[in-house]
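Structure record follows, encoded as structure tokens.
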Amino acid sequence: MQLFLINNAGILHLLAKICCFVYHSYTMRSTLQFIFALLLLTIVSYKGNAQNLGVHPTTLSYTLGAGQSETQVIHLSNSSPKKVQFRLYLNDWVRDSMGGHIYYKADTLSRSCATWITLGANFIELEPGQSKELTVKLQAPDDGKSTKEMKWAMLFIETVEEANSANNKAAQATVRNLLRIGVHIYQTPPTVTEKAVKVFDLRPSKDMANTYMLVCQNTGQVMLDCKSYLELASLKDGSKVKMDPVEFPMFPDQKRYVTFELPKNLTKGKYSVLAVVDGGEDMSLEAIESEVEVK
Numbered sequence: 008m009q010l011f012l013i014n015n016a017g018i019l020h021l022l023a024k025i026c027c028f029v030y031h032s033y034t035m036r037s038t039l040q041f042i043f044a045l046l047l048l049t050i051v052s053y054k055g056n057a058q059n060l061g062v063h064p065t066t067l068s069y070t071l072g073a074g075q076s077e078t079q080v081i082h083l084s085n086s087s088p089k090k091v092q093f094r095l096y097l098n099d100w101v102r103d104s105m106g107g108h109i110y111y112k113a114d115t116l117s118r119s120c121a122t123w124i125t126l127g128a129n130f131i132e133l134e135p136g137q138s139k140e141l142t143v144k145l146q147a148p149d150d151g152k153s154t155k156e157m158k159w160a161m162l163f164i165e166t167v168e169e170a171n172s173a174n175n176k177a178a179q180a181t182v183r184n185l186l187r188i189g190v191h192i193y194q195t196p197p198t199v200t201e202k203a204v205k206v207f208d209l210r211p212s213k214d215m216a217n218t219y220m221l222v223c224q225n226t227g228q229v230m231l232d233c234k235s236y237l238e239l240a241s242l243k244d245g246s247k248v249k250m251d252p253v254e255f256p257m258f259p260d261q262k263r264y265v266t267f268e269l270p271k272n273l274t275k276g277k278y279s280v281l282a283v284v285d286g287g288e289d290m291s292l293e294a295i296e297s298e299v300e301v302k
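Per the working numbering, residue 8 is the first one in the sequence shown, and the count goes up by one each step.
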């Protein structure tokens with residue numbers, strides 16, 4: 008569990024706060040209030056300690072042609088009061104239609120560049136206050152085929168902790184996973200530049216009232232950082248409402264469903280809706296019109 012990241016001093020400090028809080032909590036009428044506050048205190052304490060481990064940047068972007076290579080650097084730091092160990096490994100991954108990440112074994116997907124990547128180390132140990140640099144080299148093949156499309160991978164930097172096994176007389180070390188940070192690795196050849204997005208539909212959600220799903224797809228060659236929003240115009244009085252944009256990335260060929268919940272204070276009735284997708288610079292807006300009824 009990630010809560011192991013709390014060090015001894017942090018535990019003592021947390022216990023002191025809990026004891027003080029319990030003393031004052033006897034005046035509470037609701038036991039649920041006390042339990043909720045106690046859980047919140049624990050979560051805040053955990054987050055503060057987790058931030059003592061630094062990994063940056065968390066995105067590496069390469070633009071290599073056939074046969075080219077480039078080495079980039081990731082900085083790891085440990086400002087916690089105890090030694091930290093990291094293990095490093097690569098995975099393939101994609102985003103699903105709702106934006107969630109799905110992971111696969113390295114070199115499973117056709118868009119993978121995992122086998123092109125060489126890490127400067129597979130295991131790193133940092134003493135308190137220590138920092139190190141990890142080199143990440145990407146070597147593009149010289150076959151002319153692999154560099155005709157964008158490819159990507161995920162580098163996981165995972166903390167581990169040695170713990171002595173009670174059942175082993177030799178006290179052999181075992182490993183517990185504590186915290187995992189993903190570094191996105193993108194390789195986009197310089198000749199791969201086409202940007203395009205298509206909007207297909209705006210449909211009502213089957214599960215939630217006054218909620219709609221915008222269906223769109225990246226039909227270009229490169230990843231897009233998109234923004235999408237709805238503009239509603241009342242068919243009764245012409246009043247207009249523009250909803251806040253939703254931001255999301257899309258890989259080439261990826262189809263995406265973007266969820267929009269209509270404002271709670273929207274007057275009941277029929278509306279003309281313009282659903283817009285902005286794929287970024289050097290691209291025209293894509294949109295679709297529809298009619299919805301707020302009940």
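Positions of the beta carbon are idealized from the N, C-alpha and C atoms, including for glycine.
- According to the DSSP assignment, G276 belongs to the beta strand (DSSP E) that extends over G276 to D285.
- For L95, the enclosing beta strand (DSSP E) starts and ends at V91 to R102.
- With 16 or more other CB atoms across the displayed protein chains lying within 10 angstroms of its CB, G286 is buried.
- When rounded, the separation of the alpha-carbon atoms in K277 and E300 is 4 Å.
- Pairwise C-beta distances place the stretch 188-197 in contact with the stretch 155-169, as three or more of them are shorter than 8 Å.
- In the three-state DSSP reduction, T166 falls in the strand class (E or B).
- In this structure K247 touches E238 by the C-beta definition: roughly 7 Å separates them, less than 8 Å.
- Taking V204 as the centre and dropping the five residues before and after it, the same chain places the C-beta of C223, Q224, N225, T226, G227, L231, C233, M257, V284, G286, M290 and E293 closer than 8 Å to its C-beta, in chain order.
- Between T154 and G72, the C-beta spacing is below 8 Å.
- Under DSSP, W159 takes part in a beta bridge, and its partners are S119 and Y193.
- In this structure, DSSP gives E300 an extended state, which the three-state scheme calls strand.
- Between L126 and N85, the C-beta gap is not smaller than 8 Å, which leaves the two residues out of contact.
- Sequence-distant Cβ neighbours of L209 in its own chain, meaning closer than 7 Å and more than five residues away, are Y219, L221, V280, A282, I295 and S297.
- The three-state reading of DSSP puts K243 in coil, since its state is none of H, G, I, E or B.
- Residue pairing of M250 in beta bridges, as defined by DSSP: absent, with no partner found.
- Between Y111 and W123 a beta carbon distance of about 16 Å is seen, past the 8 Å cut, so the two are scored as non-contacting.
- Distances from the alpha-carbon of A121 to those of F207, E165, G106 and L95 put L95 closest.
- Separation of the CB atoms of F93 and T200 is rounded to 36 Å, and the pair is thereby denied contact status at 8 Å.
- Within the DSSP bridge table, the entry for V229 names no partner.
- Contact annotation, E140 with H82: C-beta distance approximately 6 Å; criterion of less than 8 Å satisfied.
- Here S104 is near K262, since their CB atoms are less than 8 Å apart.
- In the DSSP assignment, D208 falls within the beta strand (DSSP E) that extends over V204 to P211.
- With 16 or more other Cβ atoms inside 10 Å of its own Cβ, P259 counts as buried.
- Its Cα nearest to that of Y264, the residue G106 stands out among G106, G74, S87 and Q79.
- Excluding residues up to 5 positions away in sequence, M157, T195, V199, T200, E201, K202 and P259 lie with their Cβ nearer than 8 Å to the Cβ of V229 in the same chain.
- Around the Cβ of L97, a 10 Å sphere holds 16 or more other Cβ atoms; the residue is buried.
- Beta-bridge partners assigned by DSSP to F255: C233.
- In the DSSP assignment, the residues bridged to K139 are L83.
- Shown here, Q224 sits in a strand according to DSSP, grouped into three states.
- Between the C-alpha atoms of S212 and M250 there is a straight-line separation of about 17 Å.
- Nearest to D150 by alpha-carbon distance, out of G74, L242 and T65, is G74.
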